[in-house]
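Residue numbers (the UniProt record's numbering): 1 to 149. Encoded as structure tokens, the structure appears first; notes follow it.
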């Protein structure tokens with residue numbers, strides 16, 4: 001059964017895409033929850049008009065994400081103080097929550113889902129690279145310095 005996706009669905013596609021799915025999945029889940037509509041001639045024509053608005057909305061999201069990324073890029077590095085034991089190991093670890101907390105204290109709005117730790121939790125004193133990704137197409141990195149208290 002061919003359907004038009006009204007929102008992004010994992011492993012199917014982005015909104016506006018015409019995909020072929022099993023009829024039970026479409027009838028019992030996608031269509032009743034408002035995530036898709038049938039792909040007949042009438043719906044395809046009406047969705048073409050909506051597609052331009054959705055594309056413009058997506059462009060606006062990318063632009064706001066780029067603006068936020070530029071603001072975060074101005075920070076360049078964040079310093080987090082933590083208790084340190086022998087050999088430069090931290091008691092516990094520094095995670096996304098700690099990094100977001102420090103960024104919020106600097107006056108920026110940020111969500112913990114937007115921070116990526118490429119090498120997992122930070123467990124040693126020193127400089128670590130952290131990725132800020134407010135949108136899947138916008139990505140910057142900055143430095144987190146961990147120092148002893």
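Where is the CB? At the ideal position from N, CA and C, for every residue including glycine.
Any idea what DSSP makes of residue i, helix, strand or coil?
{"i": "residue 36", "result": "strand"}
{"i": "residue 24", "result": "helix"}
{"i": "residue 63", "result": "helix"}
Leaving aside the five residues before and after residue i along the sequence, list all residues of the same chain whose C-beta is less than 7 Å from its C-beta, in chain order.
{"i": "residue 118", "result": "129, 131"}
What residue range is occupied by the uninterrupted alpha helix (DSSP H) comprising residue i?
{"i": "residue 114", "result": "Where residue 114 is concerned, there is no enclosing alpha helix (DSSP H), given that its DSSP letter is neither H nor E."}
DSSP beta-bridge partners for residue i?
{"i": "residue 142", "result": "130"}
{"i": "residue 148", "result": "82"}
{"i": "residue 19", "result": "3"}
Can you tell me where the beta strand (DSSP E) with residue i in it begins and where it stops?
{"i": "residue 89", "result": "89 to 94"}
{"i": "residue 9", "result": "Unbroken run through residue 9: none, as it is neither H nor E."}
{"i": "residue 78", "result": "77 to 82"}
{"i": "residue 124", "result": "122 to 124"}
Which same chain residues, not among the five before or five after residue i, have their C-beta less than 8 Å away from its C-beta?
{"i": "residue 93", "result": "121, 122, 123"}
{"i": "residue 98", "result": "80"}
{"i": "residue 47", "result": "4, 16, 37"}
{"i": "residue 61", "result": "135"}
{"i": "residue 76", "result": "142, 143"}
{"i": "residue 112", "result": "96, 97, 100"}
Throw me the rounded Cβ distance for the residue i and residue j pair, which I believe falls under 8 Å.
{"i": "residue 28", "j": "residue 37", "result": "Not confirmed; about 15 Å, so no contact."}
{"i": "residue 14", "j": "residue 8", "result": "5 Å"}
{"i": "residue 90", "j": "residue 83", "result": "7 Å"}
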